[in-house]
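Undergrad: Number 165 marks the last residue of the sequence shown (our numbering); no jumps.
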Amino acid sequence: MLVLITGLPGSGKSTVAKIFKQKGFEMIEMGNIARAIAKKQKISVDEFSKIARRKYGKDFFAKKVVELIEKRKKRNKKKNFVISGLRNLEELEEFKKLDKNAKLIAVT
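Here's what the structure looks like:
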């Protein structure tokens, strides 16, 4: 099962994701992916995010997370993932390629 969580900054996305984690889901925060890559590039997360989305598409970070999920599925045989920090429809479409039955939760 794949659960995708979206919402404004400070809305509680991570809090909701942690509830799924307590139920055995593997939790991935999309912001952590952006921070890790930006740190390697030695630029701010905001700057890197803008550059990456402009250069590689709005689904850039979703593609990175999908790659990570596929690796973890092979290594750990994990089946349930919760992804926090979905930003746009292009990201949703990328995740739907991985799991057409993915569930989207909007935290307000």
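Yeah, the Cβ is synthetic: ideal placement off N, Cα and C, and Gly gets one too.
If you're wondering where the values come from, they're calculated on a predicted model, not measured in any experiment.
1. From A91, L143, K97 and K112, pick the residue whose C-alpha is nearest to that of D103; which is it?
2. Under the rule that 16 or more other beta-carbon atoms within 10 Å means buried, what is T165, buried or exposed?
3. Measuring CB to CB, does L61 end up less than 8 angstroms from L149?
4. Which same chain residues, not among the five before or five after K153, have their C-beta less than 7 angstroms away from its C-beta?
5. Let me check understanding here. Comparing Cα to Cα, which of K136, G88, K80 and K157 lies closest to G121?
TA: A quick look at the data gives this:
1. For D103, the closest alpha carbon among the candidates A91, L143, K97 and K112 is that of A91.
2. The Cβ neighbour count for T165, taken over all protein chains shown within 10 Å, is under 16; the residue is labelled exposed.
3. yes
4. A159
5. Here the sequence assigns Lys to residue 121, which means Gly is not the residue at that position. When only C-alpha atoms are compared, the closest one is G88.
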